[in-house]
Every structure is written in structure tokens, then in C-alpha cells.
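Residue numbers (the working numbering): 53 to 350. Since the structure comes first, as C-alpha cells, the remarks are kept for the end.
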Amino acid sequence: MQFSIHRVWLLCRKQWAENTQLYILGILATAGIISAVLIYNMFDKRGIPLITQQIIFFTGLIISGAVFTSTILSQFNEKVKGIQALTLPASTLEKLTAAIIYGLVMLPAIYLIVIYPFIALAHYIDIDILGRFNDLYVFKANNHSVELGSLFIITQAIMLLGSVVFRRYIFIKTTILTIVITVGITLFNPYMVEKTIVVRSTVPRNITVKEQLYNGDNKLLSTENAPRKVDVNYLYSAPYQDLNIFNSGRSKVYNGVTYSSDDIRATNPYANIFYILLYLAIPFLWIITWFRLREKQL
């Protein structure tokens, strides 16, 4: 069967027609929760700064999107609904495409239309009634927004796969499995780093450090290359992240001012590889979902 955009559109319409009441209730519940969070933050003396608005917006989008996506293909796990879904005159790719469109296009669009006015209203109350000075969050393609948007897409792909792998408690099981894998990698990463660079965090090492001293105006005062005794502190972070190397409390006096070298950050030049692998994981998860869905259809 050849891929048809028209059949994908019909599948999207069918999904909405069969779940209209559920989706409306979900949207209203999400709006209520976001409103409660905004009201709670208004009682803070800072009000609702731009970064708080951004975090609230994306957190609500990611969580509500995960719950929503976990139900899109769940009908294939039920006997009666599963038979009806499998007998539809549409290919596996078309059904998967319709699910992806729902999760990545329709859901964010509806979420933006419904939730953003609540954020704008809370911002109006925050500055015009409560007299605080906070900017309104407007989406910009900066690093923080790109990272949060990427997290949303990855979460969608994971939940979509979970909806065809688990039969019951899809959201809970997929969330727990994702947390276990993420925490496991994060805990295992320092061990791998230690084995790679052959340094233990409890044993100080002598290295050559380029130390630069700046004044309060950020003007460079001096540069020195000298041996230092340092300790490597392994933070529980994702692979390919920077290492923090803490100095052993050394300080230096320059023109009567004491300067302390608190830490040195060993930057990983290959950090982008980790993000590339994460982005490649998205189509990989979709392919696995397609195979799993195809098995059900066969």
C-alpha cells in the first residue's frame, strides 16, 4: 500500500472524533494546573520572572505531551479496539505518521493557544497590579529553548514507543524505565571517566595550570603558567560533559588583593557528539515503534 497524505489526514480526524471529550478534559486540567502554578509563583517576592515563565511553559508541555502521547496508540493493546484499529485500510507507516503529527504538531499548537494566554495574564497581573519588573516570555531560538524543545521531542518519541510496548500503565512504566536508564547512565559515567583518564578523585595530582587574574572591571591583571596540586571532582552528569577540577585551596596576593582559584573546568571538545546521538535516537525510536506496530498488524 502506497503512502497517502489523505489517509493520514483521515486518521487524524478519526483520532480527534473518537477522543474529543477526553482531549478537552485534558486541556482544561492542564490549564488548571498551570494556572495554579502561576498563582503560587505570584506569592514569591520576585514574582514570575522570564526564566520561570519559560520553565513553567515547557514543563507543562513536556509532561502533558508525555501523558497525551502515551494514549495515542494504546488502542492497539486492547482486544476490541485493537482489532478495529488493525483492520483500518491504512499502512503501519501512515498510522505512525498520524501519531507523530498529533504529538509534535497538533498538541504543541493547542497547548500554545490555550496555555500561553494564562501566562500572559499572569504576567499582566505581575507587572501592572503587583508592580514587579518582569519581562513576558516570548519564544526565541536560544540554547535553553532549543534544549527544552529537544527534550520535548525526545520524550514524545520515548512515550510513543512505550505505548506499543506496554499494555497497561503505559505512562507510569515508560517513565520509570526512562528514569532508571537515565540515572543508571549518569551514575555509571563517573566510573567510566575515572577508568579513562586513570585518576582517582581522592588522590591529588600535579598538573600545569594557566591562571589568569582579573579585577572587578574584568580587566586581565596577569597570566601565570605554574604547577598546581588539584583534585578531580567527578560530578554525576551525562556523558561528554565537562569535568570540574578543584584547586587545593591555593590563593595569591596581587597588589594587596587576595585572589582565590576556586576551580578549573576541563572542557570536553567532543560534547556535541552526545547531543548528536540524542537527536539520532529520535528517528531510531520511531523506527522501533514502526516495527513493533507492524508486528501487531501482522
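Beta carbons are placed, not taken as given, at the ideal position from N, Cα and C, and that holds for glycine. Given the structure is predicted, the values throughout are model-derived calculations rather than measurements.
Distance from the CA atom of Met-211 to the CA atom of Met-94, rounded to whole angstroms, is 33 Å.
One Cα belongs to Leu-125, the other to Gly-112, and the distance between them is close to 22 Å.
For Pro-335, the three-state secondary structure derived from DSSP is helix. Here DSSP, grouped into helix, strand and coil, assigns Ala-142 to coil. By the criterion of at least three beta-carbon pairs nearer than 8 Å, the segment 63 to 70 is in contact with the segment 147 to 154. Bounds of the alpha helix (DSSP H) holding Glu-199 are 195 to 217.
Boundaries cannot be given for Leu-188, as no alpha helix (DSSP H) includes it and DSSP labels it neither H nor E. Distances from the CA of Pro-141 to each of His-58, Asn-267, Ile-231 were compared; the closest alpha carbon is that of His-58. Rounded to whole angstroms, the gap between the alpha carbons of Gln-54 and Glu-70 is 26 Å. Of the candidates Phe-120, Ala-172, Thr-104, the residue whose Cα lies closest to the Cα of Trp-68 is Phe-120. When the five nearest sequence neighbours on each side are left out, the beta carbons in the same chain lying within less than 7 Å of the beta carbon of Ile-86 are those of Ile-108, Gly-112, Ile-167, Phe-170, in order along the chain. Assignment of Ser-126 by DSSP, reduced to helix, strand and coil, places it in the helix class. Taking one beta carbon from each stretch, the segment 334 to 348 and the segment 211 to 230 have 3 or more pairs nearer than 8 Å; the two touch. Contact annotation: Asn-241 and Ile-100 have beta-carbon atoms that are not nearer than 7 Å.
The C-beta separation of Leu-203 from Ile-114 comes to about 6 Å, placing the pair in contact by the 8 Å criterion. Within the same chain, and ignoring the five residues on either side of Thr-104 in sequence, the residues whose Cβ sits closer than 7 Å to its Cβ are Asn-93. From the listed residues Leu-173, Lys-271, Tyr-221, the smallest Cα separation to Ala-83 is found for Leu-173. Beta-bridge pairing by DSSP links Leu-265 to Ser-274. Shown here, Pro-160 sits in a helix according to DSSP, grouped into three states. Burial state of Asp-178 is buried, judged by a 10 Å Cβ sphere holding 16 or more other Cβ atoms. In the three-state DSSP reduction, Pro-279 falls in the strand class (E or B). Spatial neighbours of Thr-341 in its own chain (CB-CB distance under 7 Å, excluding positions within 5 residues in sequence) are listed in chain order as Leu-148, Leu-212, Leu-213, Val-216.
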